[in-house]
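Residue numbers (this note's numbering), protein chains in the order written: chain A, 32 to 334; chain B, 50 to 446.
Cβ atoms here follow ideal geometry from the backbone N, Cα and C, with glycine treated the same way.
All values reported here derive from a predicted model rather than from experimental measurement.
Quick notes on the structure that follows.
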Amino acid sequence: MVQLEVFLQTLVSGLLLGGLYALIGLGMTLIMGVMKIINLAHGELMMVAMYIAFWLFHLLGMDPYVTLLVTVPALFVLGVFIQKTLISPVLKVDSILPENQVILTVGIGMVLQNLATLFFTSDYRSTPVDYASDAWYLSDWWRSSPIELSFSVPWVVSFGFAVAITAALWWFLQRTDAGKAIRATAQDKDAAILMGVNVERMTVVTFGLGAALVGAAGSLFIPMYYLYPALGGRFTLIAFVITILGGLGSTQGAIIGGLILGVFESMTATYVGMGWAPVGRFLVFVACLIFLPGGVAGLMRRR
Amino acid sequence: MGKLVKVLGVAVVGTALVASPALAKTLKIGIPLPLTGSKAKFGEIERRSYEIAAEEINAAGGINGMQIELDIQDSQGKPEIARAIAEKLVDVAKQPFLIGAYSSSCSKAIAALAEERKVPYLVVTGAANDITQKGYEYVFRMNPSVEYYTSGFRGFLREVVKPKTIAILYEATDFGTSGSKSMVKEAKRLGIKVVLNEKYESGAVDFKPILSQVKAKRPDVIYMVSYVMDAALLMRQIKELRIDAKLFAGGAAGFAIPEFVENAKDAAEYVVTATLWSPFAPYRGAREFAEKYKKRAGKYPSYHGAEAYSALYVLKDALERAGSMDSEAIKKALAATDLVTAFGPVKFEAKGKYKNQNFMDTLVLQVINGKHEVIWPKKFATAKYVFPIPRWRDRRR
Chain A
32 MVQLEVFLQT
42 LVSGLLLGGL
52 YALIGLGMTL
62 IMGVMKIINL
72 AHGELMMVAM
82 YIAFWLFHLL
92 GMDPYVTLLV
102 TVPALFVLGV
112 FIQKTLISPV
122 LKVDSILPEN
132 QVILTVGIGM
142 VLQNLATLFF
152 TSDYRSTPVD
162 YASDAWYLSD
172 WWRSSPIELS
182 FSVPWVVSFG
192 FAVAITAALW
202 WFLQRTDAGK
212 AIRATAQDKD
222 AAILMGVNVE
232 RMTVVTFGLG
242 AALVGAAGSL
252 FIPMYYLYPA
262 LGGRFTLIAF
272 VITILGGLGS
282 TQGAIIGGLI
292 LGVFESMTAT
302 YVGMGWAPVG
312 RFLVFVACLI
322 FLPGGVAGLM
332 RRR
Chain B
50 MGKLVKVLGV
60 AVVGTALVAS
70 PALAKTLKIG
80 IPLPLTGSKA
90 KFGEIERRSY
100 EIAAEEINAA
110 GGINGMQIEL
120 DIQDSQGKPE
130 IARAIAEKLV
140 DVAKQPFLIG
150 AYSSSCSKAI
160 AALAEERKVP
170 YLVVTGAAND
180 ITQKGYEYVF
190 RMNPSVEYYT
200 SGFRGFLREV
210 VKPKTIAILY
220 EATDFGTSGS
230 KSMVKEAKRL
240 GIKVVLNEKY
250 ESGAVDFKPI
260 LSQVKAKRPD
270 VIYMVSYVMD
280 AALLMRQIKE
290 LRIDAKLFAG
300 GAAGFAIPEF
310 VENAKDAAEY
320 VVTATLWSPF
330 APYRGAREFA
340 EKYKKRAGKY
350 PSYHGAEAYS
360 ALYVLKDALE
370 RAGSMDSEAI
380 KKALAATDLV
390 TAFGPVKFEA
400 KGKYKNQNFM
410 DTLVLQVING
420 KHEVIWPKKF
430 ATAKYVFPIP
440 RWRDRRR
């Protein structure tokens, strides 16, 4: 019974973590799908959003979840700005390096990180909210429960927001004209142009959207985590693994990929050892590349 | 290279302007410290602390009427350079005593030289056990050696908690690993069973998987070696999972600083931590020094700062009692030291293999009502310890 409790608690933690991972991965996947480039500044964009959330909390006393109203539009604008002024010109230039836009994103990431270090120092920051360590317990609802499970308040709330945002994105892509145009651009750029889609504008919107998604993830992460300038790399990596796992560019794939990664990491931590979690992450990555080149999306298509 | 960094206390300049003939005499104190290289951060902390002490002493009239002038020299943290600096101080500057150096390796190199030249040497921060275990006559160490770092916490475990089982969580770094190793050894000596000894990736988001394993093992004590942000996350998630151990203990500075309580909030309550020194230490002058330091550097000093700051007072005390600038007289005076400094009591004793070693009880802090209080050793306690601690379920929200 004790072992069952350990297993279920691990599963709960893994799913909650996975939901947030999925949101981080979604932004990168979206950009990957439409522009065919991996945005390696993804984690750094999240870091920027977290700093915005931190200062809003710190100076104005805004609840981290309320900062979503600011970070999401702010990051959308930042994404649009980066795409228009930096990535778009580079996309047009012929160069010896075929993937020079990807390298550009690495540079953008470095600049963002160093700017943050310069302005905010490398100190750790956090938004200590009162509900940070509150939790709901299974025994609160089910008095005679033989096992006890806890559901952390900020984790569950963040997870809820992540699901809602993902659903909204889904609706946007499936039901609106702009969403359909984005999907068309992702499927076949030339055909989309012929059909009268403004591909140029769609790529700009997509990059903004991707940045806005990871911006939301920043606001959702900060109540349960903390912040420092070098934090981006870690989340870029996670997003990258999820994008590969989900099958480059597939939104459903990214959601499932995020959940798989979250659960896998938690299970590794419980049953192998927590020091092994980063190793587990790469194991998933390499195994996916070798045995499942199309990712989760490829698997779904095959069926 | 030997970059010479001259540091003049503000007070020195001030009194020079007054030009009183009695105060014209200065006592130049050469101190090797790592001002560049990987240990520069600690060298910097110590430099600031020496300066604060020098200014205070000068403002109060100096040592035997002499104003102190600090001459801090960069050792780059390298033993051979530290030794060369010390050699020059003894041979060229004819300084009748030696003081300082940050790391154990540098302190060791200087200790060997001091013994050879029969010049008393005050070790300030070098903590390797064997520095004072070689039978040196002229080497005095005011900081506890590594094996005594957690002596206070051990005493608290032995006399109050009396646990049967312990779970250890530590960050996957050198620092975490050595912390866990010494705790495992300690547990064996006290007859405590280690039910779990697990490392984690520093900076992890979710500790709940590993913590649910800990919960299943039901240890009496959960001992964590962590930096401050991990420490806060660990305690928050322990609270979420309602893991009821008899005692939550932190093995390192991460738990002893105010930021820990700010971040963990009510989850930090009753957490116990071993520390050499903290700004909350109950010794006279500790708080004042910490505040003075904070005003200059923007944050509280680590224990290294308190050690450096107090070292200058130990030296002052010895020089004043010696009454002369003769090495033998200073050595005799140092040996008779019995002083309570801002860092703690200083008294050089021989015990076991040790010679001229200061044995002080290190402090145990507990977070009580959101504040770090000293709970052990009893004679320095600022509050009565809370043990057994209430279960999470019963705590007021």
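Would you check if the distance between the CB atom of residue i and the CB atom of residue j is smaller than 8 Å?
i	j	result
B/Ile-417	B/Ala-432	yes
B/Pro-81	B/Ile-379	no
B/Arg-243	B/Tyr-319	Sequence check: residue 243 of chain B is Val here, not Arg. For B/Val-243 and B/Tyr-319, no; Cβs fall outside 8 Å.
A/Met-63	A/Ala-163	no
B/Leu-138	B/Ala-163	no
B/Ser-200	B/Ala-176	no
A/Leu-251	A/Ala-193	yes
B/Val-423	B/Leu-171	no
B/Tyr-185	B/Lys-404	yes
A/Ala-243	A/Leu-106	yes
B/Met-374	B/Gly-393	no
B/Ile-112	B/Glu-369	yes
B/Leu-128	B/Ala-89	According to the sequence displayed, residue 128 of chain B carries Pro and not Leu. No, the pair does not count as a contact, with Cβ atoms beyond the cut-off.
A/Thr-216	A/Val-228	yes
A/Leu-61	A/Gly-249	no
A/Ile-55	A/Phe-316	no
Answer yes or no: does any C-beta atom of chain B fall closer than 8 Å to that of residue i?
i	result
A/Gly-306	yes
A/Leu-54	no
A/Gly-329	no
A/Ala-175	It is worth fixing the name first, because residue 175 of chain A is Ser in this sequence and not Ala. Output row for A/Ser-175: interface = no.
A/Tyr-96	no
A/Pro-324	no
A/Gln-40	yes
A/Cys-319	no
A/Tyr-82	no
A/Pro-159	yes
A/Pro-309	yes
Quick one: is residue i near chain A, going by C-beta distance under 8 Å?
i	result
B/Lys-257	yes
B/Leu-72	Note that B/Leu-72 scores 45 on pLDDT, short of 50, meaning its location in the model is unreliable; the coordinates nonetheless yield the value given after this. Taking Cβ atoms only, chain A never reaches closer than 8 Å to B/Leu-72, which makes this a no.
B/Arg-207	no
B/Arg-291	yes
B/Asn-418	no
B/Ala-294	no
B/Glu-311	yes
B/Arg-97	no
B/Ala-288	Note that residue 288 of chain B is Lys in the sequence shown, not Ala. Yes, B/Lys-288 lies at the interface with chain A (some Cβ there is under 8 Å from its Cβ).
B/Ala-221	yes
From the DSSP output, read off the bridge partner residues of residue i.
i	result
A/Trp-167	A/Phe-182
B/Thr-214	B/Lys-242
A/Arg-156	A/Leu-258
B/Met-115	B/Ile-112
B/Ala-323	B/Val-413
B/Gln-262	In DSSP, B/Gln-262 forms no bridge with anything.
B/Asn-407	B/Phe-397
B/Tyr-362	According to DSSP, which records beta bridges pairwise, B/Tyr-362 is partnered with nothing at all.
B/Arg-190	B/Val-172 and B/Gln-406
B/Met-273	B/Leu-218 and B/Gly-299
I want to see whether chain C comes within less than 8 Å of residue i, judged by CB atoms only; does it?
i	result
B/Ala-108	Going by chain labels, chain C is absent from the structure shown, which instead holds the protein chains A and B.
task: Identify each residue in the region 257-280 of chain B for which the Cβ-Cβ distance to at least one residue of chain A is less than 8 Å, and report them in chain order.
output: Taken in chain order, the members of the region 257-280 of chain B whose beta-carbon sits within less than 8 Å of a beta-carbon on chain A are Lys-257, Pro-258, Ile-259, Ser-261, Gln-262, Lys-264, Ala-265, Val-277 and Met-278.
task: Spell out a yes or no on whether the region 76-96 of chain B and the region 303-317 of chain A are touching, meaning 3 or more CB-CB pairs, one atom from each, closer than 8 Å.
output: No, the region 76-96 of chain B does not touch the region 303-317 of chain A.
query: Can you find at least 3 beta carbon pairs, one from the region 287-302 of chain B and one from the region 65-80 of chain A, that sit closer than 8 Å?
result: no
query: How about the region 346-356 of chain B and the region 322-333 of chain B: do they share at least three Cβ pairs that are nearer than 8 Å?
result: yes
- request: Could you tell me whether the region 418-429 of chain B touches the region 304-322 of chain B, using the rule of 3 or more Cβ pairs below 8 Å?
  value: yes
- prompt: Given a limit of 9 Å on CB to CB distance, which residues of the region 232-255 of chain B reach chain A?
  reply: Glu-247, Lys-248, Tyr-249, Glu-250, Gly-252, Ala-253, Val-254 and Asp-255
message: Taking beta-carbon pairs under 9 Å, can you tell me which members of the region 257-291 of chain A lie near chain B?
response: Tyr-257, Tyr-259, Leu-262 and Arg-265
Positions along the region 304-332 of chain B whose CB lies within less than 9 Å of some CB in chain A: Glu-308, Glu-311, Asn-312, Ala-313, Lys-314, Asp-315 and Ala-316
field: Three or more C-beta pairs below 8 Å linking the region 218-238 of chain B and the region 286-303 of chain A
entry: no
- request: Return the residues of the region 191-204 of chain B that lie within a Cβ-Cβ distance of less than 7 Å from chain A, sorted by chain order.
  value: Flagged: no residues at all.
message: Within 8 Å, do at least three Cβ pairs link the region 151-170 of chain A to the region 255-272 of chain A?
response: yes
query: Are there three or more Cβ pairs, one per stretch, closer than 8 Å when the region 246-263 of chain B is compared with the region 32-48 of chain A?
result: yes
message: Counting beta carbon pairs with one atom in the region 320-328 of chain A and one in the region 258-277 of chain A, are three or more of them shorter than 8 Å?
response: yes
query: Is the number of C-beta pairs between the region 205-216 of chain B and the region 265-275 of chain B that are closer than 8 Å three or more?
result: Yes, the region 205-216 of chain B touches the region 265-275 of chain B.
task: Could you tell me whether the region 271-283 of chain B touches the region 108-125 of chain A, where touching means 3 or more Cβ pairs closer than 8 Å?
output: no
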